[in-house]
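A.B. asks:
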Amino acid sequence: MNTIVSMLPIVLMLLIIVVGIIIISKVNWRNVAKVGYWMLGAYVIVLLLSVGVFYFVPVTEEEPIQTPESEYDYHLDEVLLGERPVESINEYLVEEWDFEYELDHIQIGYQGDINNTVNIAVERTDGNTIKAAFYQTPVYGFNMELTKFIRPMDIQLSDDRFVVKLPVTKQLKFTSFDKEFPLMQFKDSPNEDWLDVPESLYWGGQLLYLQVPREIEINAEMDVYIEYVNE
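With full-length UniProt numbering as the guide, the letters of the sequence shown map in order to residues 1 to 231.
Structural data, given as structure tokens:
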């Protein structure tokens with residue numbers, strides 16, 4: 001069925017060409033006024049048929065993605081402020097790390113693209129293990145989920161320095177298509193989007209959740225902001 005429908009524009013174009021040839025062959029070209037009327041009538045018919053064909057052309061079956069942005073933001077923000085347990089955002093968990101640590105102090109710093117810093121929450125725990133978990137909420141744009149294009153961050157422990165390795169910014173290019181000329185005739189202004197498709201981006205949220213033993217003194221380097229969730 002989709003194949004037949006997709007052939008409609010071609011069939012319509014061939015039909016218009018055939019009808020046009022027949023009309024031209026029967027028109028008395030000495031009567032210029034009638035020729036003008038015929039051309040105007042043919043143009044109107046093409047416009048009307050184009051609109052009709054547009055609604056029969058198969059489009060993607062994907063539904064526009066809904067982006068409950070505020071819900072995502074509230075989840076991560078509430079965990080960051082200690083108002084929600086970290087277990088409640090497990091669906092956004094990307095990666096986890098465990099480090100055995102024996103020193104009584106640690107320094108937390110960034111390495112990489114400083115434009116991609118992340119919110120850091122610290123929970124004080126017992127024991128001698130530092131645990132890290134990275135959470136990422138979905139990224140949306142142009143009715144598509146773009147989370148898969150987000151480059152992952154990494155964690156490295158070097159002596160007494162806990163390094164958050166930030167990813168390099170990745171550039172994405174998108175191509176959008178405008179409606180054909182006949183359909184544009186029915187717009188109120190050239191700047192009006194035919195389907196009013198939102199082209200804004202929702203960047204999502206990120207959270208690095210650390211569980212650090214109480215006995216370890218934490219020092220943050222420049223540009224590193226830490227929120228303690230249970231103090």
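Glycine residues also receive a C-beta, built at the ideal position from the N, C-alpha and C atoms.
Take the Cβ of Ser70 as the centre, count every other Cβ of all protein chains shown within 10 Å, and call the residue buried at 16 or more, exposed below.
C.D. replies: Because the pLDDT of Ser70 is 48, which lies under 50, any placement of that residue in the model is unreliable, and the number read from its coordinates should be weighed accordingly. That one is exposed.
A.B. asks: Give every residue of the same chain whose Cβ lies closer than 7 Å to the Cβ of Leu15, excluding the five residues on either side of it in the sequence, and list them in chain order.
C.D. replies: So the list is empty, once near-sequence residues are dropped.
A.B. asks: Select from Ile17, Val11 and Tyr225 the residue whose C-alpha is nearest the C-alpha of Val122.
C.D. replies: The option with the nearest alpha carbon to Val122 is Tyr225.
A.B. asks: Quick one: complete beta strand (DSSP E) runs, 3+ long, within the stretch 127 to 160?
C.D. replies: List check, beta strand (DSSP E) in window: 129 to 136 and 154 to 158.
A.B. asks: Can you list, in chain order, the residues of its chain whose CB lies under 6 Å from that of Phe162, leaving out five sequence neighbours each side?
C.D. replies: Correct list, in chain order: Ile106 and Ile108.
A.B. asks: What is the C-beta distance between Gly118 and Leu201, in whole angstroms, given that I count them as a contact (C-beta under 8 Å)?
C.D. replies: The residue you asked about is not Gly; residue 118 is Val in the sequence shown. The pair is not a contact, with the Cβ atoms about 18 Å apart (cut-off 8 Å).
A.B. asks: For Thr67, is the classification buried or exposed, using 16 other Cβ atoms within 10 angstroms of its Cβ as the cut-off for buried?
C.D. replies: Caution applies to Thr67, whose pLDDT of 49 falls short of 50 and renders its modelled position unreliable; the value that the coordinates give is listed next. So Thr67 ends up on the buried side.
A.B. asks: Based on Cα-Cα distance, which residue from Ala133, Gln171, Lys165 and Asn128 lies nearest to Leu146?
C.D. replies: Leu146 has its Cα closest to that of Gln171, out of Ala133, Gln171, Lys165 and Asn128.
A.B. asks: Thinking Leu76 and Thr137 are a contact (beta carbons under 8 Å), I'd like their distance in whole angstroms, please.
C.D. replies: That pair is a contact at about 6 Å.
A.B. asks: Going by the beta-carbon positions, is the gap between Tyr110 and Val164 smaller than 7 Å?
C.D. replies: Cβ distance < 7 Å, so Tyr110 and Val164 count as in contact.
A.B. asks: Name the one or two DSSP bridge partners that Gln171 has.
C.D. replies: For Gln171, which the question treats as bridged, DSSP gives no partner whatsoever.
A.B. asks: Alpha carbon to alpha carbon, how far is Leu195 from Lys148?
C.D. replies: Confidence at Leu195 is low in this model, with a pLDDT of 45, below 50, so the placement of that residue should be treated as unreliable; the coordinate-derived value is given next. Going from the Cα of Leu195 to the Cα of Lys148 covers about 26 Å.
A.B. asks: From this set, Glu100, Ile10, Ile120 and Val94, which residue's C-alpha is nearest Pro213's C-alpha?
C.D. replies: Closest by alpha carbon: Glu100.
A.B. asks: According to DSSP, simplified to helix, strand and coil, what is Glu91?
C.D. replies: In this structure, Glu91 counts as helix in the three-state DSSP scheme.
A.B. asks: Figure out for me which residue from Tyr228, Asn230, Glu231 and Glu221 has the closest Cα to the Cα of Ile114.
C.D. replies: Ile114 has its Cα closest to that of Glu221, out of Tyr228, Asn230, Glu231 and Glu221.
A.B. asks: Taking just the CA atoms, how far does Gly205 sit from Lys173?
C.D. replies: Roughly 21 Å between the two C-alpha positions.
A.B. asks: Which residues bound the beta strand (DSSP E) around Val118?
C.D. replies: Element bounds for Val118: n/a, residue is neither H nor E.
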